[in-house]
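Student: Dropping a structure here in structure tokens format, bear with me for questions.
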Ligand SMILES: Cc1cc2nc3c(=O)[nH]c(=O)nc-3n(C[C@H](O)[C@H](O)[C@H](O)COP(=O)(O)O)c2cc1C
């Protein structure tokens with residue numbers, strides 16, 4: 217969904233309290249660490265000032281034991297740990313910032329579509345139509361164990377469940393028509409029963425009678441985001457999503473991805489403009505290229521060499537503590553594939569990194585190199601974003617991710633890069649409408 221050729225702007229704020237971002241200069245300064253909402257409210261205000269479309273919370277409900285077979289390293293280093301439930305922050309942030317939208321992750325592998333439909337209906341009400349759902353399939357072992365599975369569900373089966381989950385959630389959101397509420401005080405009629413429908417869904421995973429016992433929300437259903445990069449992930453996106461997150465690392469690979477998504481959309485009877493892609497990008501704003509390189513060096517220096525391997529183990533479900541000197545990423549390919557975890561993003565690394573790089577060298581840069589980077593002066597960053605955007609069909613935008621700290625780095629982006637994009641007519645100067653869906657189309 218990106219009717220206009222605007223560059224849509226979002227930020228992934230999932231890991232600001234972990235992954236060494238908490239340690240960067242300017243991060244968390246002046247705020248109580250994690251527990252209170254002021255930090256997140258201020259980020260929402262900054263994003264709103266930059267007319268950014270969306271702030272995103274990723275989620276997994278686990279503590280990785282992949283590195284060394286226990287949780288010692290992830291806890292010591294704060295590698296994707298802890299993972300709080302960020303749902304309660306959203307109403308507070310929405311109150312602090314009236315324009316920006318919010319995306320929340322909820323797994324289709326472990327939850328129930330009735331709960332999901334009801335929760336997102338409520339969040340859509342409370343944010344006045346500014347909520348999106350990142351509909352993920354879950355690929356992490358400890359999370360599976362927390363939800364009662366001794367074995368993680370098979371990769372493709374997770375997508376079968378996700379498909380039915382989305383079908384049910386859509387039926388529930390459609391089970392109340394937008395004009396169902398009457399509120400006729402004189403006749404004493406609350407709502408029109410003819411506009412509220414049972415869904416009577418019976419399927420492989422779910423039996424749900426419906427209707428959703430809720431009033432229709434401003435967007436009727438949340439903006440649906442899908443982020444799986446494998447074949448079944450792309451098919452799910454093409455069937456249900458309005459937005460996709462993608463972590464391609466080179467322009468060639470981005471173009472290929474857009475083509476693959478367009479082909480999947482055509483097969484599903486939809487059009488390229490029905491789904492915009494937000495490409496993950498790491499932004500490093502500085503007053504010169506040398507200064508940007510210096511900032512990156514300082515960030516990398518703050519990350520212990522072992523921590524990259526720990527992060528990779530958590531991401532791909534493989535014990536990289538067993539890596540011997542001289543081993544390469546490709547030496548672990550079969551093991552990663554056997555985990556049936558984050559296949560799409562692993563294949564992308566294999567395709568796009570220097571194949572001769574040693575695993576340890578790569579791991580050290582994993583936190584910064586796993587996604588695209590635009591570093592340097594605001595003009596240079598705007599040039600990069602403009603080129604990538606137009607070369608990939610000007611259909612979506614960018615989500616800031618990894619290696620940036622808050623609030624400082626997000627403020628620099630809003631104060632220096634956004635005005636340059638606005639001056640070029642590439643980014644919005646004001647919100648297109650009150651709902652997230654309108655903004656993503658505007
Ligand atoms: C940008 C991006 C964000 C993601 N966010 C999450 C997340 O918050 N939680 C999660 O469990 N998986 C997340 N994923 C993982 C995917 O939804 C998917 O489960 C995973 O990539 C494995 O599927 P695949 O093999 O189809 O790529 C994300 C993936 C991408 C590319």
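Numbering (this note's numbering), first residue to last: 217 to 658.
Cβ coordinates follow ideal geometry from the N, Cα and C atoms, glycine included.
(1) Determine the direct distance from the alpha carbon of residue 402 to that of residue 441, and round the result to whole angstroms.
(2) If you draw a straight line from the C-alpha of residue 430 to the C-alpha of residue 334, how long is it?
(3) For residue 313, tell me which candidate among 378, 261, 606 has the shortest Cα-Cα distance.
(4) Compute the minimum distance between the beta carbon of residue 461 and the heavy atoms of ligand 1, and state whether it is under 6 Å.
(5) Below 6 Å, is the gap between the Cβ of residue 237 and the nearest heavy atom of ligand 1?
(6) Less than 6 Å between the CB of residue 275 and some heavy atom of ligand 1, yes or no?
(7) Alpha carbon to alpha carbon, what distance is there between residue 305 and residue 236?
(8) In whole angstroms, give me the CA-to-CA distance for residue 268 and residue 319.
(9) Quick check: the Cα distance between residue 248 and residue 388, rounded to an integer number of angstroms?
(10) Any idea what DSSP makes of residue 196, helix, strand or coil?
(11) Tell me whether residue 558 counts as near ligand 1, meaning its Cβ is closer than 6 Å to at least one heavy atom of that ligand.
(12) Count the C-beta pairs between the stretch 489-508 and the stretch 562-576 that are closer than 8 Å, then say yes if the count reaches three, no if not.
(13) Thinking residue 474 and residue 608 are a contact (beta carbons under 8 Å), I'd like their distance in whole angstroms, please.
(14) With a threshold of 6 Å, establish whether the CB of residue 445 neighbours any heavy atom of ligand 1.
(15) Any chance you could list the alpha helix (DSSP H) runs of at least 4 consecutive residues sitting entirely within the stretch 538-568, in chain order?
(16) Count the C-beta pairs between the stretch 280-291 and the stretch 409-421 that are closer than 8 Å, then say yes if the count reaches three, no if not.
(17) Report buried or exposed for residue 472, applying the criterion of at least 16 other Cβ atoms within 10 angstroms of its Cβ.
(18) Any heavy atom of ligand 1 inside 6 Å of the beta-carbon of residue 355?
(19) On a CA-only basis, which of 603, 653, 222 is nearest residue 439? Give me that one, please.
(20) When the Cα atoms are used, what is the spatial distance from residue 462 to residue 614?
(21) Against chain D, does residue 356 count as a neighbour if the rule is that its beta carbon must be under 7 Å from one of theirs?
(22) Check whether the Cβ of residue 321 sits closer than 6 Å to any heavy atom of ligand 1, and report yes or no.
(23) Taking only runs that begin and end inside the stretch 446-509, name each unbroken beta strand (DSSP E) of 3 or more residues, in chain order.
(24) I need the straight-line Cα distance from residue 588 to residue 466, nearest angstrom please.
(25) Who are the Cβ neighbours of residue 265 in its own chain at under 7 Å, not counting the five residues just before and after it?
(26) Do you know how far the Cα of residue 256 is from the Cα of residue 271?
(27) With a threshold of 6 Å on Cβ separation, who are the neighbours of residue 478 within its own chain once the five nearest residues in sequence on each side are excluded?
(28) Given the structure, does residue 449 come close to ligand 1, in the sense that its CB is under 6 Å from one of the ligand's heavy atoms?
(29) Could you check the C-alpha separation between residue 381 and residue 556 for me, to the nearest Å?
(30) Quick one: what does DSSP say residue 531 is sitting in, helix, strand or coil?
(31) Who are residue 224's beta bridge partners in DSSP?
(32) Would you call the stretch 522-530 and the stretch 290-301 touching, i.e. three or more CB-CB distances under 8 Å?
(33) From residue 602 to residue 428, what does the alpha carbon distance come to, in whole angstroms?
(34) In its own chain, which residues sit with a C-beta less than 8 Å from the C-beta of residue 505, not counting the 5 before and 5 after it?
(35) Over what stretch of residues does the alpha helix (DSSP H) that includes residue 651 continue unbroken?
(36) In the DSSP assignment, what are the bridge partners of residue 327?
Tutor: Considering the structure as presented:
(1) As a working note, residue 441 is residue 225 in the chain shown. As a working note, residue 402 is residue 186 in the chain shown. Looking at the two C-alpha atoms, the distance is approximately 43 Å.
(2) In the chain shown, the residue the question calls residue 430 occupies position 214. In the chain shown, the residue the question calls residue 334 occupies position 118. So the two alpha carbons sit approximately 7 Å from each other.
(3) In the chain shown, the residue the question calls residue 313 occupies position 97. Nearest of 378, 261, 606 to residue 313, Cα basis: 261.
(4) Mapped onto the chain shown, residue 461 falls at position 245. Checking every heavy atom of ligand 1 against the Cβ of residue 461, one is found closer than 6 Å.
(5) The sequence position of residue 237 within the chain shown is 21, counting from 1. For ligand 1, not one heavy atom lies less than 6 Å from the Cβ of residue 237.
(6) Here residue 275 corresponds to residue number 59 of the chain shown, with the count starting at 1. Yes, ligand 1 has a heavy atom inside 6 Å of this Cβ.
(7) On the chain shown, residue 236 is found 20 positions in, with the first residue counted as 1. On the chain shown, residue 305 is found 89 positions in, with the first residue counted as 1. So the two alpha carbons sit approximately 22 Å from each other.
(8) As a position in the chain shown, residue 268 is number 52, starting the count at 1. As a position in the chain shown, residue 319 is number 103, starting the count at 1. Taking the straight line from one Cα to the other gives about 13 Å.
(9) Here residue 248 is taken as the residue at index 32 of the chain shown, counted from 1. Here residue 388 is taken as the residue at index 172 of the chain shown, counted from 1. So the alpha carbons of these two residues sit roughly 40 Å apart.
(10) Within the shown structure, residues of the chain are numbered from 217 to 658, placing residue 196 beyond reach of any answer.
(11) Here residue 558 refers to the residue found at position 342 when the chain shown is read from its first residue. Because some heavy atom of ligand 1 lies under 6 Å away, the Cβ of residue 558 counts as near it: yes.
(12) no
(13) The residue you call residue 474 lines up with position 258 of the chain shown. The residue you call residue 608 lines up with position 392 of the chain shown. The Cβ separation is near 5 Å, so the contact holds.
(14) Here residue 445 refers to the residue found at position 229 of the chain shown. Checking every heavy atom of ligand 1 against the Cβ of residue 445, one is found closer than 6 Å.
(15) 549-555, 559-568
(16) no
(17) By 1-based counting over the chain shown, the position of residue 472 is 256. By the 10 Å Cβ count, residue 472 comes out exposed.
(18) In the chain shown, residue 355 corresponds to position 139, counting from 1. Yes.
(19) Mapped onto the chain shown, residue 439 falls at position 223. Comparing Cα-Cα distances from residue 439 to each of 603, 653, 222, the minimum goes to 653.
(20) Against the chain shown, residue 462 aligns to sequence position 246. Against the chain shown, residue 614 aligns to sequence position 398. For residue 462 and residue 614, the distance between alpha carbons rounds to 9 Å.
(21) Among the chains in the structure shown there is no chain D, since it carries only a single protein chain.
(22) As a first step, residue 321 is located in the chain shown; it is residue number 105 there, counting from the start. Flag set: Cβ of residue 321 near ligand 1.
(23) 459-462, 492-501
(24) Your numbering for residue 588 matches position 372 in the chain shown. Your numbering for residue 466 matches position 250 in the chain shown. For residue 588 and residue 466, the distance between alpha carbons rounds to 7 Å.
(25) Here residue 265 is taken as the residue at index 49 of the chain shown, counted from 1. Cβ neighbours of residue 265 beyond the five flanking positions: 630.
(26) Here residue 271 refers to the residue found at position 55 of the chain shown. Here residue 256 refers to the residue found at position 40 of the chain shown. Distance between the alpha carbons of residue 271 and residue 256 is about 10 Å.
(27) For the purposes of this step, residue 478 is taken as residue 262 along the chain shown, with counting starting at 1. Only 488 meet the Cβ criterion.
(28) Residue 449 sits at position 233 when you count from the first residue of the chain shown. Yes, the beta carbon of residue 449 sits closer than 6 Å to at least one heavy atom of ligand 1.
(29) In the chain shown, counting from the first residue as 1, residue 381 sits at position 165. In the chain shown, counting from the first residue as 1, residue 556 sits at position 340. Taking the straight line joining both Cα atoms gives about 20 Å.
(30) Here residue 531 refers to the residue found at position 315 when the chain shown is read from its first residue. It is helical.
(31) Mapped onto the chain shown, residue 224 falls at position 8. In DSSP, residue 224 forms a bridge with 613.
(32) yes
(33) Numbered from its first residue, the chain shown carries residue 602 at position 386. Numbered from its first residue, the chain shown carries residue 428 at position 212. Distance between the alpha carbons of residue 602 and residue 428 is about 43 Å.
(34) Start at 1 with the first residue of the chain shown, and residue 505 comes out as number 289. 591, 592, 593, 596, listed in sequence order.
(35) The count along the chain shown starts at 1 and reaches residue 651 at position 435. That residue, residue 651, is in no alpha helix (DSSP H); it is neither H nor E in DSSP.
(36) Translated into the one-based positions of the chain shown, residue 327 becomes position 111. Looking at the DSSP assignment, residue 327 forms no beta bridge with any residue, so it has no partner.
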